[in-house]
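Let me begin by presenting the structure, written as structure tokens, before commenting on it.
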Amino acid sequence: MSRAVPPPRPAPAEAPGPDLAALADLLAGPVVPAARGLLGGRLSAGGVTVRITEVEAYAGTAGDPASHAHRGRTPRNAVMFGPAGHAYVYFTYGMHWCVNVVTGPDGEASAVLLRAGEVVEGVDVARARRPAVRRDVDLARGPARLCAALGIDRAAYGSHLLGDGPVRLRPAVEPVPEAAVAAGPRVGVTGAHDVPWRFWVAGDPTVSAYRRHVPRAARR
DNA sequence: TATAAGATGGGT
DNA sequence: CCCATCTTATAC
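At position 67 of the first sequence (counting the first as 1) the number is 67 in full-length UniProt numbering, and the numbers step up by one without a gap.
This is the structure in structure tokens:
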């Protein structure tokens, strides 16, 4: 025999696999740790996967005037009052969709807005959905851009994200170290500018720009 | 029924 | 800096 054949690759018997149970536990807990823990996570839909780089935490009815659930349950925010791990998708400014991950125990309306991500799979598909984009870093740089890149709209409302549905959330392949997480005030909210519940991967080019909200009435 | 504002994005 | 666009919530 001239030479040894390549050794057969042993099947990964114990496939490490994403730890969905740990992610489910994280989401079922308090919203701020859940938000930080979602950084680096992967969201897949419509043939595109993003690595989450920017999020915002929104508490339930208690004491967070910026939350869509602040004034109680309505048809729009109903899913926020359900169990963690489902998608709260909402339509805004007459043209944009945004997606949140519902957190906390059943009955409590907290959620994490997914504000930006890096497209790590399906760049060509995302490009086709966002023809105006020049740089790849802009494909999902902003909450409505992220939804557009993934093709997320009303149909995803209430989706269970940890199962095998059309929209899937998975743990980070490489967790973001705590030291790499930056925090600051949330974008676009009318009040609560002092609450630093926006978290992002420091220095990541896919993180959206901060803009303080200016009420329409004040602009005229 | 009417009205105002919005967890935005894109073009000037 | 301005503008599109329409759902949602809340005020009559």
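The beta carbon of each residue, even a glycine, is placed where N, CA and C say it ideally should be.
Please read all numbers here as calculations on a predicted model, not as lab measurements.
Span of the beta strand (DSSP E), counted from its first residue to its last, around V48: 48-58
Straight-line CA distance for L150 to V123? 10 angstroms
Residue ranges of each beta strand (DSSP E) run of no fewer than 3 residues wholly in the segment 127-199, ordered along the chain? 167-170, 181-184
Let me check understanding here. Comparing Cα to Cα, which of V176, T53, D25 lies closest to residue 221? It is not possible to answer for residue 221, since the shown part of the chain is limited to 1 through 220.
For the beta strand (DSSP E) holding A45, just list the boundary residues, first then last. 42-45
Find out if the Cβ-Cβ distance for the pair A140, G117 is shorter than 8 angstroms. yes
Just how far apart, CA to CA, sit V167 and Y93? 23 angstroms
Backbone CA spacing between R212 and G184 [nearest angstrom]: 12 angstroms
In the DSSP assignment, the alpha helix (DSSP H) including G32 goes from what residue to what residue? For the record, residue 32 in the displayed sequence is Val; it is not Gly. Where V32 is concerned, the enclosing alpha helix (DSSP H) stretches over 31-38.
Could you pull out every residue in the same chain whose Cβ sits closer than 7 angstroms to the Cβ of G82, ignoring the five residues on either side in sequence? V102, D106
Let's see if you can read the secondary structure: which residues bound the beta strand (DSSP E) around residue 255? Outside the displayed span of the chain (1 to 220) sits residue 255, for which this structure offers no information.
From V137, G104, I152, pick the residue whose C-alpha is nearest to that of S44; which is it? I152
Tell me the rounded alpha-carbon separation between V187 and D194. 11 angstroms
Environment of E56 [buried if 16+ CB atoms lie within 10 Å]: buried
Determine the DSSP secondary structure at V112, reduced to helix, strand or coil. strand
Which residues in the same chain have their Cβ closer than 6 angstroms to the Cβ of M80, if we skip the five residues on either side of it in sequence? A69, Y88, V102, A109, A111
Look at the alpha carbon of M95 and the alpha carbon of T190, and state the distance between them as a whole number of angstroms. 20 angstroms
Which residues mark the beginning and the end of the beta strand (DSSP E) in which A87 is found? 87-92
Taking C-beta to C-beta, are residue 234 and V48 nearer than 8 angstroms? Beyond the ends of the chain as shown, which are 1 and 220, falls residue 234; an answer cannot be given.
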